[in-house]
Amino acid sequence: MQRDKVHHVYTVDRVARDLGVSEELIQDLTLGLEPEDGVIWVYGAIDDDGILAFTDEGIEEVKLLLEEYHRVSLSKA
């Protein structure tokens, strides 16, 4: 039986701060990502909507998506 080895995640606000971009941009770029991509939702006692969070692999995926976003944005300028 395979078990996930994830022992920590980073919230979207932490990832946005660390990467120097807005939470909204990260949320927009990661809309189609699945748990297999390192994206999970964390729910607390008073948080019915959940908080977007990323594993280390998820952060790497976000970085790739940001690179592509910036590449496309620059080519349109």
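Per the working numbering, residue 16 is the first one in the sequence shown, and the count goes up by one each step. The beta carbon of each residue, even a glycine, is placed where N, CA and C say it ideally should be.
> Under the three-state reduction of DSSP, which class applies to Val54: helix, strand or coil?
Replying inline: Residue numbering aside, residue 54 sits at position 39 when the sequence shown is read from its first letter. Residue state, collapsed to three classes: strand.
> So, helix, strand or coil for Ile41, using DSSP?
Replying inline: Here residue 41 corresponds to residue number 26 of the sequence shown, with the count starting at 1. Note: Ile41 maps to helix in three-state DSSP.
> Helix, strand or coil: how does DSSP classify Ala68 here?
Replying inline: Numbered from 1 along the sequence shown, position 53 holds the residue referred to as residue 68. Note: Ala68 maps to strand in three-state DSSP.
> Apart from the five residues just before and just after Leu48, which ones in its own chain have a Cβ nearer than 7 angstroms to its Cβ?
Replying inline: Here the question's residue 48 lines up with position 33 in the sequence shown. Val54, Glu76.
> How many angstroms separate the CA atom of Ile66 from the CA atom of Tyr84?
Replying inline: For the purposes of this step, residue 66 is taken as residue 51 along the sequence shown, with counting starting at 1. For the purposes of this step, residue 84 is taken as residue 69 along the sequence shown, with counting starting at 1. Those two C-alpha atoms are separated by around 23 angstroms.
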